[in-house]
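Each residue of the sequence shown is one higher than the one before, counting from 1087 in the working numbering. Shown next, in structure tokens, is the structure this report addresses.
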Amino acid sequence: MARIKGGVNAKKKHNRVLKLAKGYRGARSKQYRIAKQSVMRALATSFAGRKERKRQFRRLWIARINAAARMNGLSYSRFMYGLKLAEVTVNRKMLAELAVNDPAGFTALAEIAKAKLA
């Protein structure tokens, strides 16, 4: 049986990595070995960044809810606990949206939470 050389597949693999490294400076976009290292790190960082973005948004929502809740005489934790007792299930993203764009609606929710806490 004739031996099949791996040149075509190796070239395809190299080109795939070099295409991902397009735009990198110097050897990072030209040489396969260095480009491969840069691409691996970039992909790992972008994965971690997508997870980090979710954490940052949650922190932002909580800060906004806390600020609005304190305007209504409640802390964030007491507000959320009051909503839980009242069986109001609104996620933090929507609560933050209410706090910024509809203060009257948020105040109504705060009153519901206060009533359940008392």
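For each residue, glycine too, the CB sits at the ideal point set by N, CA and C.
In terms of residue numbering, what span does the alpha helix (DSSP H) encompassing asparagine 1101 cover? 1093-1106
Using alpha carbons as the reference points, say which of Val1125, Phe1165, Ala1182 and Arg1136 lies closest to alanine 1149. Ala1182
Roughly how many whole angstroms lie between the Cα atoms of alanine 1155 and alanine 1130? 38 Å
When we look at the beta-carbon of phenylalanine 1143 and count the other beta-carbons within 10 Å, is it buried (16 or more) or exposed? exposed
Identify whether glutamine 1123 lies in helix, strand or coil by the three-state DSSP scheme. helix
I think alanine 1199 touches leucine 1160, with their Cβ atoms under 8 Å apart; what is that distance to the nearest whole Å? 6 Å
Per DSSP, what kind of secondary structure is lysine 1140 in: helix, strand or coil? helix
Whether leucine 1203 touches valine 1176 by CB criterion (9 Å): no
Relative to the C-alpha of glutamate 1197, which candidate in Asn1187, Leu1104, Met1157 and Gly1135 has its C-alpha closest? Met1157
Expressed to the nearest angstrom, what Euclidean distance is found between the alpha-carbon atoms of alanine 1088 and glutamate 1138? 51 Å
For threonine 1193, which three-state DSSP category applies? helix
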